[in-house]
Amino acid sequence: MSMDKTSLSKNNKYKKAVLWWLLCLIGLFILFVCIYFLAWGMMMQPKPSYQPEHSIREKQFFSDLEEKEGWTGADRYIYNVDKEGKSLFQNQIRLDKNYAYMFTIEIEDSSTFYSLPANVEDTIALHLYNNVLEKSPKLQKIVVVFSYEEILNERASMGHGLTAEYEIRGKKLVKLKRIKE
């Protein structure tokens, strides 16, 4: 009889150990599935816009420009820069660090694009610096971009652009380059 008891108790211990390992594996599987779907759900969330909201002055200035005939899609892009003025590729814009301001506007037709007033980009950059951005001390660079897309046929188009780049030195706006393509 004593042999039967020991074999039963060993059998019981064996069953308990197998059951314990089985429960651990099921628990790990459930934990893995939960973490996997939680991570997947987080990745599927919409990405926030890393651009700060437009100020009231920006909105007003952009709407004033868009009222001009043939000018559409006025917008801006802000990005942080290092001491040399090169872009720092960051997800979040910090306005308490050095930054650059890129202003873009689309021109609807070639006659408007090619008849832009001389140095119109200078006027826009000065207005942005003095009135819209209020000579922000962390502003290092302003880029003004005019773009026009010429439709050649159903499948082809050609882009034209006017880009002017300005640097802030002291409290003065200095034109670095102007490129018309």
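Its first residue numbered 361, the sequence shown is counted upward by one per residue in the numbering used here. All C-beta atoms, glycine included, are put in the ideal place defined by N, C-alpha and C. Values in this document were obtained by computation on a predicted structure and should not be read as measured data.
In the structure shown, the three-state DSSP call for D435 is strand. Judged by DSSP in its simplified three-state form, S447 adopts strand.
Per the coordinates, the alpha-carbon of E429 lies some 53 Å from the alpha-carbon of Y396. In the DSSP annotation of this structure, Q411 is not part of any alpha helix (DSSP H), being labelled neither H nor E. Under the three-state reduction of DSSP, K419 is assigned to helix. Per DSSP, the unbroken beta strand (DSSP E) holding L522 starts and ends at S517 to R529. Here V503 is actually not in contact with A434; their C-beta atoms are around 14 Å apart, not less than 8 Å. Across the structure, W431 and E509 are spaced so that their CA atoms are roughly 13 Å apart.
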